[in-house]
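> Mind having a look at this structure? Questions to follow.
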């Protein structure tokens, strides 16, 4: 597909940009050829016309002197014509016959055409050929015709002029070709500076699509192509990081699932081998099995919620609930565990009444997840404080621990899916992502603040409601 696109770019440039330039240069070439020809021909015609006017003036002065032999004077003037080396002069009769010529030779009959094509002002211009040579002739009526002498004709070869015009046209044509060659060269370099990077982008994109997230583009410019390279490289980095997090997530989930399953299997085998005769062992084993089963159920539910969230199918059953009751229940779930792990779990409930329009089970899941993280990332002897207060019609719940904290570079990603700030602690890496989504669906906010090696504070902000209608479902 990239190769086809590249060919289309080149073809589009050839037919559009370069084609327009070729047409413009051709039009200019033709206009120049016509213009230069008109200019040179007009110059030759002007010379012949000027000479004709001068001679006409001389002949008029002779014609006015009736005491002289007019024809003899005309014949003498023609014989002594000063410009005979540059042009030929002819004197024509009123019957359009050539009476005298400066060359001394009777002209070819071919030169006699269009003698009658004189304009109204008594002047005519003819361009033709004599014996294969191109000539221009200017014919004028005499101002004072006398003794059968009626007109003058001046004729000059324009072969040299045509050659000069041809040389100029060829020169301009070569200049046009040089311009086209320069445009083609410079534009091909420009096109290649676009096409080659696009080809490299295509190749790198195919590698990335094939799973090679280490593939990178070399940035060679700071223009749009360079920006595209940065975007592709950033995309590869993000995809690589997402792939790593996904693999870590699969490994972590596998480990998280294996741990309770191992405990359940171990105690199941112990109880089975004991045949239930040791009541104390039976009770302890059943307690562990039930606890680990609940843990598995919670993990599976979290995974299902994450899957629903990713596919846009996460639904909330909303009603007017007491958020403090759900928070108290979540704290109670971790009281014994905190004691077992030598942690102090302090809960300041107070006398708050916090009606929240929300999903009871999903909010409890958020509270459980946040408290679980606080306990999980705290070391023995640490402390977890859970507080709640209402400010400006908003319920603000803060879960603060004195645990290992989060590195500054990881803090911005703790709510990203699959991200785990510390791989040495249990967890799937999707808990906070699901919790953040659930809180956002309740028109609230989940904020995380942490100081590395000194602890973390998670704040859940939910709007207080006065609505009375229950059972609404949103997705």
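Residue numbers (the numbering used here): 196 to 670.
Ideal placement from N, C-alpha and C gives every residue a C-beta, glycine not left out.
The model shown is predicted, which means the values in this text are computed figures rather than measured ones.
1. Is it true that the CB of residue 222 sits closer than 8 Å to the CB of residue 269?
2. Rounded to whole angstroms, what's the CA-CA distance from residue 438 to residue 607? Just pull it up for me.
3. Taking its Cβ as the centre, do 16 or more other Cβ atoms sit within 10 Å of residue 649, making it buried, or is it exposed?
4. Of the residues 415, 431 and 364, which one's Cα is nearest the Cα of residue 405?
5. I need the straight-line Cα distance from residue 352 to residue 329, nearest angstrom please.
6. Just to check my reading of the structure: residue 630 and residue 561 have Cβ atoms closer than 8 Å, yes? What is that Cβ distance to the nearest angstrom?
7. Please report whether the beta-carbon of residue 281 lies at a distance below 8 Å from any beta-carbon of chain B.
8. May I ask you to verify whether the stretch 378-389 touches the stretch 291-298, counting CB pairs closer than 8 Å and requiring at least 3?
9. Assign residue 538 to one of two classes, buried (16 or more other C-beta atoms within 10 Å of its C-beta) or exposed (fewer than that).
10. Please classify residue 552 as buried or exposed, where buried requires at least 16 neighbouring CB atoms within 10 angstroms.
11. Return helix, strand or coil for residue 583, following the three-state DSSP convention.
12. Have a look at residue 653 and residue 468 and give me their C-alpha separation to the nearest angstrom.
13. Going by DSSP, what residue range makes up the alpha helix (DSSP H) through residue 255?
14. Is it buried or exposed for residue 307, if we count other Cβ within 10 angstroms and need 16 for buried?
15. Please state whether the Cβ-Cβ distance between residue 408 and residue 434 is less than 8 Å.
16. Helix, strand or coil: which one does DSSP assign to residue 313?
17. Residue 633 lies in the alpha helix (DSSP H); which residues open and close that run?
18. Taking the C-alpha atoms as reference points, what is the distance between residue 396 and residue 403?
19. Measure how close the beta-carbons of residue 585 and residue 516 come, nearest whole angstrom, since I'm counting them as under 8 Å.
20. Between 319, 590 and 557, which has its C-alpha nearest residue 550's C-alpha?
21. Going by DSSP, name the residue or residues bridged to residue 640.
22. Is residue 526 buried or exposed, if buried means 16 or more other CB atoms sit within 10 Å of its CB?
23. So the candidates are 389, 491, 411 and 509; which of them puts its Cα closest to the Cα of residue 637?
24. Report, in whole angstroms, the separation of the C-beta atoms of residue 459 and residue 487, which I expect to be a contact under 8 Å.
25. Where do the ends of the alpha helix (DSSP H) carrying residue 572 lie?
26. In chain order, which beta strand (DSSP E) runs of at least 3 residues are fully inside the stretch 275-361?
27. Rounding to the nearest angstrom, what Cα-Cα distance links residue 429 and residue 559 in this structure?
28. Which whole-angstrom value describes the C-beta separation of residue 540 and residue 529, a residue pair presumed to lie in contact below a C-beta threshold of 8 Å?
29. According to DSSP, simplified to helix, strand and coil, what is residue 647?
30. Could you check whether residue 363 and residue 231 sit closer than 8 Å to each other, using their CB atoms as the reference points?
31. Going by C-alpha distance, which of 219, 366 and 592 is nearest residue 563?
32. Run through DSSP, which three-state label would residue 546 get?
33. Please state the DSSP three-state secondary structure of residue 567.
34. Whole angstroms are fine: how far does the CA of residue 333 sit from the CA of residue 256?
35. Can you list, in chain order, the residues of its chain with a C-beta nearer than 6 Å to that of residue 250? Leave out the 5 residues immediately preceding and following it.
36. Please confirm whether residue 569 and residue 657 have their CB atoms less than 8 Å apart.
To lay it out plainly:
1. The Cβ atoms of residue 269 and residue 222 lie no closer than 8 Å to each other.
2. Answer to the nearest angstrom: the Cα atoms are 18 Å apart.
3. Counting every other CB atom within 10 Å of its CB across the protein chains shown gives residue 649 a total below 16, marking it as exposed.
4. The option with the nearest alpha carbon to residue 405 is 431.
5. When rounded, the distance between both Cα atoms is 6 Å.
6. Contact annotation, residue 630 with residue 561: C-beta distance approximately 4 Å; criterion of less than 8 Å satisfied.
7. Absence of chain B from the displayed structure is noted, only one protein chain being present.
8. No, the stretch 378-389 does not touch the stretch 291-298.
9. Residue 538 is buried by the Cβ-count criterion.
10. A buried status is given to residue 552, since no fewer than 16 other beta-carbon atoms sit within 10 Å of its beta-carbon.
11. Residue state, collapsed to three classes: strand.
12. Near 46 Å, if we compare the C-alpha coordinates of residue 468 and residue 653.
13. 214-259 is the span of the alpha helix (DSSP H), which, as asked, contains residue 255.
14. In this prediction, residue 307 has a pLDDT of 49, which is less than 50 and means its spatial position is unreliable; what the coordinates show is noted afterwards. Label assigned to residue 307: exposed.
15. With contacts defined by Cβ atoms closer than 8 Å, residue 408 and residue 434 form a contacting pair.
16. Legend: pLDDT at residue 313 = 49, less than 50; position of this residue unreliable, value from coordinates given subsequently. Residue 313 sits in coil when the DSSP states are folded into three classes, being neither helix nor strand.
17. For residue 633, the enclosing alpha helix (DSSP H) begins and ends at 626-636.
18. Rounded to the nearest angstrom, the two C-alpha atoms are 10 Å apart.
19. So it is not a contact: roughly 15 Å between Cβ atoms.
20. For the options 319, 590 and 557, the alpha carbon positioned closest to that of residue 550 is the one of 590.
21. 656, per the DSSP bridge assignment.
22. Buried, because 16 or more other Cβ atoms sit within 10 Å of the Cβ of residue 526.
23. Of the candidates 389, 491, 411 and 509, the one whose C-alpha sits nearest the C-alpha of residue 637 is 509.
24. With 8 Å as the limit, residue 459 and residue 487 qualify as a contact, their Cβ atoms being about 5 Å apart.
25. For residue 572, no alpha helix (DSSP H) encloses it, and the DSSP letter there is neither H nor E.
26. Fully enclosed beta strand (DSSP E) runs of no fewer than 3 residues occupy 283-288, 293-296, 318-325, 328-341 and 344-352 of the stretch 275-361, in order along the chain.
27. Those two C-alpha atoms are separated by around 38 Å.
28. The pair is a contact, with the Cβ atoms about 6 Å apart (cut-off 8 Å).
29. Coil, per DSSP.
30. Their beta carbons are under 8 Å apart, which means residue 231 touches residue 363 by this criterion.
31. Of 219, 366 and 592, the smallest CA-CA separation from residue 563 is found for 592.
32. The answer is coil: DSSP assigns residue 546 none of H, G, I, E or B.
33. Residue state, collapsed to three classes: helix.
34. Each residue's Cα considered, the two are about 21 Å apart.
35. Excluding positions up to five away in sequence, the list reads 347.
36. In this structure, residue 569 lies away from residue 657, with their beta-carbon atoms at least 8 Å apart.
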